[in-house]
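Position 110 (the sequence shown) corresponds to 124 in my numbering; numbering is contiguous.
Everything on this sheet refers to the single structure shown next.
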Amino acid sequence: LMVVLAYAFVYKLLVVHQNNSSENDHTNDGLKKVITKASMLSSISLSLSLLCFFMLVALTFITSVHFEFLAPLIVLVDVASNAVCIFLTYKHFAAYYESACTACDRRCLRCVMKL
């Protein structure tokens, strides 16, 4: 379900991009950067959430005292990573986004520019 929602989100962003493709290139480039940033951060958030989910499922089959320690820690990592991804979408945190995600952002932007 989460993968379908992420796909629908990115698909809608690309539809908006295609609808605005007749406008000037400067506005279009800004829109491509927003699409890239939103797509990348939502993909990271989704991937980490799925990883944490599968880790929790795997830990339920392991009978260990450490499970009581690891389960809340995994949930905490998931919540913290989602919060960081949300924070990085705001302009105020643009410097942090650029320092942490520049390489991935450039690669994703190249893919979006081809569209």
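For every residue, glycine included, the Cβ atom is placed at its ideal position computed from N, Cα and C.
The structure displayed is predicted, hence computed values, not measured ones.
Check: For I49, which of V30, S63 and C66 has the nearest alpha-carbon?
Finding: The shortest Cα separation from I49 among V30, S63 and C66 belongs to V30.
Note to self: Please classify D43 as buried or exposed, where buried requires at least 16 other C-beta atoms within 10 Å of its C-beta.
What the structure shows: exposed
Next item on the list: Return the CA-CA distance between L60 and A20, expressed in angstroms with no decimal places.
Entry: Looking at the two C-alpha atoms, the distance is approximately 8 angstroms.
Margin query: Considering Cα atoms alone, identify which of L27, V18 and M54 is closest to A117.
Written below: M54
Note to self: So, does the region 104 to 121 touch the region 70 to 87, judging by three or more C-beta pairs under 8 angstroms?
What the structure shows: The region 104 to 121 is not in contact with the region 70 to 87.
Checklist line | F81 - DSSP class collapsed to helix/strand/coil | finding: helix
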